[in-house]
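Here the structure is laid out as structure tokens; the discussion comes afterwards.
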Amino acid sequence: MFDFLKGPILSIQTFFLLSGRAMVNIFRSPHYADDISLQMDIIGVGSLPLILLTGLFTGAVITLQMSRALNTYGASGQVGNIVAITLVRELGPVLTALLVAGRNASGIASEIGSMKVTEQIDAMRALGTDPVQKLVTPRLLAMATMLPVLTIISDFMGLVGGYVVGSVLLNLTTPTQFWSSAYQALEYRDIAQGLIKPFVFALVIALVGCHAGMNTTGGTQGVGRATTQAVVVSSVWVIVLTFFISKFFVDF
Amino acid sequence: MSERNGTETLLRLDHVTVRFGETVALDDVSLSLRRGETCVIQGAAGSGKTTLMKTALGLIKPDEGHVYLFGVDTLTARETELNELRSHMGILFQEGGLFDSMTIEENVGYPLVNMKSLKCPPGEVLARVQQALDFVELGHTLEKVPSELSGGMRRRVGIARAVVTRPSLLLYDSPTAGLDPITANTIMALIAKERDTRGTATALATHRYQDGFLLANYRYNAHTERLEDAGGKNLHTMFIVLGEGRIVFEGTQQELETSPDPYVSKFAKPLKE
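Listed in order, the protein sequences are those of chains A and B.
Using numbering that gives the first Met the number 0, you'd call the opening residue of the first sequence number 0 and step up by one each time.
Using numbering that gives the first Met the number 0, you'd call the opening residue of the second sequence number 0 and step up by one each time.
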């Protein structure tokens, strides 16, 4: 009767098993430092141009959209405040995570998925290597390190974008007022929220990507399916989780 | 691990059943392989050859029955213990299983570097890799990556990686699938050469009768460095035919060729067709 639930439940079970093993492996030898630094380069440095550009224009567009509303209430001097809070609390972490999910969850799923269908994962096990230790844990560590860093960079670029539009193009506020209101608007809980979110998103993106890759079946078509699944599932989880983390910070 | 002598059973499958959901991939399969013996496993596509190989290697856990590697039950063995057992085995995967992001040198050296139980000193790795690649006559490809090699060359590199640890048990999963007859014969000659120079136990999954015929009737002469007719001695070669996961035939080459079973006979005399 409930046979249709078997697949999703099995998938959730394998996801948590994989997550558990990947996390336990952080504290076990061998550690593949080369793989970790390679993945940090791919995820961090590779995503940097994308993050710089989107961060800059996100801040710029928020300022642009807010300018009319703020002018209506004669509060145009608060533009730095609004850009800082919006970016640091919500848009910076979420947009960065969505971009990284699109770029790297798909990359992780397709790379590991291709290895799965060409029997490289089996070969790895046959040759004495735990594929979770070699493939999943380095990607998890690299993502958990680089996504918060990318988010900080994105937040800063957003503020720069907001400053350029608000102070230079629209003359809503003076440069000093912009930066000072942005600085004063942020509390420690905002910073905490802005850093906890990308950390949680990083775990989800890396593990969903790896899980999709490790469970790839059906040749090259299966790799395509796994890639799509990784992007869709990780993006949805980013949106869902940001609500719950925000709710937590609002309530406490 | 059990004692290693001339009659030691290296691999034993005891009433093994493997299921993937509703599909029965292996159904009550039993076989054993001793040092110096050759087992040729034939069957149509989807008959369970690859599953059998992966189950023998401990990559797939049987739903029923037991797999004993060097006397150790893989069902109860921990992954670290399995890794130690696998260091005495070599495998050539159907797709080659080469790591496409690594050079040929790194691919062939991978088991030496990663199988800690082999205790291969880092200074010796390159020499052994070179030796293994020379064995398959690809000593000049160290710096290349798999995508730069032809399909046949990739299989030969796969053989080099399988034999670099000097294992006592070798599993070959469809080593000649998709290759032209000349390259297929080269691959089979290398398999026979490895078996006869080191006396390894060999399990070969194939859908080509010619592959089993060659292993059963030819032996490698180290002096002349050529394959020679073994004079009908069959060289301890056993033939198995799988059909829908079950062993439908088990016996010698002569018994295979005279089998009245219409499915089995398809794998017996394709040369005459």
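We put the CB at the ideal spot given by N, CA and C, even for glycine.
- When B:Val107, B:His87, B:Met101 are compared, the shortest CA-CA separation from B:Ser146 is found for B:Met101.
- Taking a beta-carbon distance threshold of 8 Å, A:Gln38 does not count as an interface residue toward chain B.
- Between the segment 242–259 of chain B and the segment 39–49 of chain B, the count of Cβ pairs shorter than 8 Å is three or higher; the stretches touch.
- Partner residues in the beta bridge of B:Ala200, as assigned by DSSP, are B:Leu168.
- Residue environment analysis places A:Asn24 among the buried positions, since at least 16 neighbouring C-beta atoms fall within 10 angstroms of its C-beta.
- Within chain B, the residues placing a beta-carbon under 8 Å from that of A:Gln119 are Gly96, Leu97, Phe98, Asp99, ordered along the chain.
- Boundaries cannot be given for B:Ser258, as no alpha helix (DSSP H) includes it and DSSP labels it neither H nor E.
- Annotation: the continuous alpha helix (DSSP H) that includes A:Ala184 extends over 174–184.
- The three-state reading of DSSP puts B:Tyr208 in helix, counting H, G and I together.
- By the CB criterion at 8 Å, A:Lys115 and A:Met213 fall inside the cutoff.
- Contacts with chain B at 8 Å (Cβ-Cβ) do not include A:Asp34.
- Counting C-beta pairs with one atom in each stretch, the segment 112–131 of chain B and the segment 145–158 of chain A have fewer than three that are closer than 8 Å, which means they do not touch.
- DSSP places B:Tyr67 inside the beta strand (DSSP E), whose first and last residues are 63–68.
- Judged by beta-carbon spacing, B:Ala204 lies within the 8 Å limit of B:Thr49, meaning their Cβ atoms are closer than that value.
- When secondary structure is reduced to three states using DSSP, A:Ile25 falls in the coil class, being assigned neither helix nor strand.
- What A:Gly127 touches in chain B, judged by beta-carbon distance under 7 Å, is Asn82, Arg85, Ser86, Pro110, Asn113, Met114, going in chain order.
- For B:Leu56, the residues of chain A that pass the 7 Å Cβ criterion are Ala125, in the order they occur in the chain.
- Here B:Tyr208 is buried. Its C-beta has 16 or more other C-beta atoms within 10 Å.
- Taking a Cβ-Cβ threshold of 9 Å, none of the residues of chain B is close to A:Ala184; the smallest such distance is about 46 Å.
- Residue burial is scored here from C-beta neighbours: A:Thr128 has at least 16 other C-beta atoms within 10 angstroms and is therefore classed as buried.
- With fewer than 16 other Cβ atoms from the protein chains shown falling within 10 Å of its own Cβ, B:Arg225 counts as exposed.
- The segment 232–251 of chain A and the segment 135–143 of chain A do not touch, with fewer than three beta-carbon pairs separated by less than 8 Å.
- Distances from the CA of B:Phe238 to each of B:Ala221, B:His222, B:Leu214, B:Ser173 were compared; the closest alpha carbon is that of B:Leu214.
- In this structure A:His210 does not touch A:Leu9 by the C-beta definition: roughly 12 Å separates them, more than the 8 Å allowed.
- Counting the other CB atoms within 10 Å of its CB gives B:Gly177 a total below 16, which places it among the exposed residues.
- At least one C-beta of chain A is nearer than 8 Å to the C-beta of B:Phe92.
- B:Val240 has B:Gln41, B:Phe248 as its beta-bridge partners, per DSSP.
- Nearest to B:His235 by C-alpha distance, out of B:Ala126, B:Gly198, B:Asp133, is B:Gly198.
- Across the structure, B:Ile190 and B:Ser149 are spaced so that their CA atoms are roughly 19 Å apart.
- With a cutoff of 8 Å on beta-carbon distance, A:Ala104 and A:Val222 are scored as not near each other.
- Among the residues of the segment 41–71 of chain B, those with a Cβ less than 8 Å away from any Cβ of chain A are Lys53, Leu56, Leu58, in the order of the chain.
- With fewer than three CB-CB distances shorter than 8 Å, the segment 94–113 of chain A does not count as touching the segment 54–69 of chain B.
- In the pairwise beta carbon analysis, the segment 127–145 of chain B is classified as not touching the segment 15–31 of chain B: fewer than three pairs are separated by under 8 Å.
- Taking 8 Å as the cut-off, the Cβ atoms of A:Trp178 and A:Val203 do not count as close.
- Within the same chain, Cβ atoms closer than 6 Å to the Cβ of A:Gln192 are found at Arg88, Phe248, the five residues on either side in sequence being excluded.
- Across the set A:Tyr182, A:Ser233, A:Asn170, A:Thr150, the C-alpha of A:Thr150 shows the shortest separation from the C-alpha of A:Leu194.
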